[in-house]
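Following the numbering used here, the numbering of the sequence shown begins with 11 at its first residue and continues without gaps. Here a beta-carbon is modelled for each residue, glycine too, at the ideal position from N, C-alpha and C.
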Amino acid sequence: NFILSPVAASQDATGEYTRKWVPELSKLQNSVLHEPWKAPAQVLQNAGVVLGENYPKRIVPDIKAERVKSAEAVLEMRRRNQQFNTD
């Protein structure tokens, strides 16, 4: 179980992949490409991005908190099911 964060952009440092497969964001500069909700309104407007209309608003506002919750849920599940833990 893991949470993949697009914010880190470690898999798409140049933005090439995102620009190809998410054309709505293709005109954004690299500094906000993976975090369009942090872009100033003018930058979004210039790129033709309207959050909530042609690109969704951020679904998970606090990814670090969600990562903690996910890890806790996995550990709790493993604690309750010790008989199935093999590693």
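Assess, as a yes-or-no matter, whether the stretch 25-42 is touched by the stretch 53-65 under the definition of 3 or more beta carbon pairs within less than 8 Å. Yes, they touch.
Between the Cα of ILE69 and those of PRO46, ASP22, VAL59, spot the shortest distance and give me the residue it belongs to. Mapped onto the sequence shown, residue 69 falls at position 59. Per the Cα distances, PRO46.
Indicate the three-state DSSP secondary structure (helix, strand or coil) for LEU61 in the structure shown. In the sequence shown, residue 61 corresponds to position 51, counting from 1. DSSP places LEU61 in strand when its eight states are reduced to three.
Quick one: what does DSSP say LEU43 is sitting in, helix, strand or coil? Taking the sequence shown and counting its residues from 1, one reaches residue 43 at position 33. Three-state DSSP puts LEU43 in a helix.
Span separating the alpha-carbon of THR96 from that of ALA83: In the sequence shown, the residue the question calls residue 96 occupies position 86. In the sequence shown, the residue the question calls residue 83 occupies position 73. Approximately 18 Å, taken between the alpha carbons.
Run through DSSP, which three-state label would ASN91 get? Locating residue 91 in the sequence shown gives position 81, where the first residue counts as 1. ASN91 falls in the coil class under three-state DSSP.
With H, G and I counted as helix, E and B as strand and the rest as coil, what does DSSP make of ARG68? Within the sequence shown, numbered from 1, the residue matching residue 68 stands at position 58. DSSP places ARG68 in coil when its eight states are reduced to three.
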